[in-house]
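>
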Amino acid sequence: MIRIGICDDEKTSRRMVGELLREYFMEKGMEYLPVEYESGKEFLRRREKTDILLLDIGMGEVSGIQLKDMLQKEEEDIKILFLTNHMEEMQEAFGRNVYGFLGKPAEKARLGKYLSRMIEDVAENQKVMLKSINQDLIVSLKDICYFVSEKKYSRMVGMEEAHFCDMGLNRLEEMLGRKSFFRCHKSYLVNFRNIAKIDGKIHMANGEEIPVSRRKYRDLKDAFQLYVLRKAR
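Going left to right, the sequence shown walks through residues 1 to 233 as my numbering numbers them.
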């Protein structure tokens, strides 16, 4: 479940953003947990797990920019979207994991575009547990290049290492199909994140080449193009 923090010292603004979030997730049919904070100081004090933070720039004591800087120094992997009435402060607000800025009051369509990207990136940074031979592996999705069939089981191939997995490709496709993975061949499930290029074959970021079935090639190209466009926005 996605955990979303709304950090704003204006109660009215928190309520309006909360309503937009409710509408977005209801339309998408997704579960989420919204948590409100009335100041940056409260956010730091509570230190709850947060995937996405909608953050007001102009708060007292600890401003949104100061809070962003603190989180980046601590290497917190929280996706940040700024809320602001002060567009002149935007230049100071850029940084790692900052996706953009929403003026107040926030626009539903603009918020939705940012949320789609942020949720996808949160999903890619998630970890999955894979059962291997005599051990359970905790693997970051972003580190997986592809899965290849090993009869009723499979092998997970990453950037630097490979591991046996006790799940077959059908089960893995069900589990990961919405997280940027694509079944390009009856024997392969690839991670869009680690595709370098497609030119009849798939060239992976680890230097390997993956075959594509003829009937899946057009769907693969279209799906990968959409993935790249989403990342470029």
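Glycine included, C-beta positions come from ideal geometry on N, C-alpha and C.
Could you tell me which of 182, 35 and 144 sits nearest to residue 217, measuring between CA atoms?
Against the sequence shown, residue 217 aligns to sequence position 217. Measuring from the Cα of residue 217, the nearest candidate turns out to be 182.
> Enumerate in chain order the residues of its own chain whose CB-to-CB distance from residue 49 is below 8 Å, with the five nearest sequence positions on each side excluded.
Your numbering for residue 49 matches position 49 in the sequence shown. Cβ within range, chain order: 3.
> Report back the beta-carbon spacing between residue 41 and residue 61 to the nearest angstrom; my notes put them in contact at under 8 Å.
Residue numbering aside, residue 41 sits at position 41 when the sequence shown is read from its first letter. Residue numbering aside, residue 61 sits at position 61 when the sequence shown is read from its first letter. Sure, about 5 Å apart at Cβ, within 8 Å.
> Alpha carbon to alpha carbon, what distance is there between residue 172 and residue 132?
Counting from 1 along the sequence shown, the entry for residue 132 is found at position 132. Counting from 1 along the sequence shown, the entry for residue 172 is found at position 172. Roughly 14 Å separates the two Cα atoms.
> By alpha-carbon positions, which one of 55, 127, 197 and 139 ends up nearest to residue 98?
As a working note, residue 98 is residue 98 in the sequence shown. Checking every option, the nearest Cα to that of residue 98 belongs to 55.
> Would you report the Cα separation of residue 139 and residue 127, rounded to the nearest angstrom?
Looking up residue 139 in the sequence shown gives position 139. Looking up residue 127 in the sequence shown gives position 127. Looking at the two C-alpha atoms, the distance is approximately 5 Å.
> What number of angstroms, rounded off, separates the C-alpha of residue 203 from the C-alpha of residue 156?
Residue 203 sits at position 203 when you count from the first residue of the sequence shown. Residue 156 sits at position 156 when you count from the first residue of the sequence shown. Each residue's alpha carbon lies about 17 Å from the other.
> Which residue wins for smallest C-alpha separation from residue 117, given the options 34, 170, 22 and 52?
Here residue 117 refers to the residue found at position 117 when the sequence shown is read from its first residue. Checked all of 34, 170, 22 and 52; the closest Cα to residue 117 is 52.
> So does residue 186 have its beta carbon nearer than 6 Å to some heavy atom of the ligand SAH?
In terms of ligand content, the structure shown is empty, and the ligand SAH therefore cannot be addressed.
> Which value, in whole angstroms, describes the spacing of the CA atoms of residue 17 and residue 167?
Stepping through the sequence shown from its first residue, residue 17 is reached at position 17. Stepping through the sequence shown from its first residue, residue 167 is reached at position 167. Their Cα atoms are separated by approximately 41 Å.
> Considering just the uninterrupted stretch of the alpha helix (DSSP H) at residue 53, what are its terminal residues?
In the sequence shown, the residue the question calls residue 53 occupies position 53. Counting along the chain, residue 53 falls outside any alpha helix (DSSP H), though it belongs to the beta strand (DSSP E) covering 52-56.
> Whole angstroms is fine: what's the gap from residue 137's alpha carbon to residue 64's?
Position 137 of the sequence shown, counted from the start, is the residue given in the question as residue 137. Position 64 of the sequence shown, counted from the start, is the residue given in the question as residue 64. Using only the alpha carbons, I get a separation of about 37 Å.
> What is the residue span of the alpha helix (DSSP H) that residue 170 lies within?
Start at 1 with the first residue of the sequence shown, and residue 170 comes out as number 170. Element bounds for residue 170: 169-176.
> Sort out for me which residues DSSP pairs residue 155 with in a bridge.
For the purposes of this step, residue 155 is taken as residue 155 along the sequence shown, with counting starting at 1. The partner list for residue 155 (beta bridge, DSSP) reads 148 and 164.
> Give the secondary structure of residue 38 by DSSP, where H, G and I count as helix, E and B as strand, and everything else as coil.
Residue mapping note: residue 38 aligns to position 38 of the sequence shown, counting from 1. If DSSP states are grouped into helix, strand and coil, residue 38 belongs with coil.
> So, with DSSP's three-state summary, where would you put residue 140?
Locating residue 140 in the sequence shown gives position 140, counting from the first residue. Reduced to three states, the DSSP call for residue 140 is strand.
> Quick one: Cα of residue 26 to Cα of residue 189, how far?
Position 26 of the sequence shown, counted from the first residue, corresponds to residue 26. Position 189 of the sequence shown, counted from the first residue, corresponds to residue 189. Answer to the nearest angstrom: the Cα atoms are 30 Å apart.
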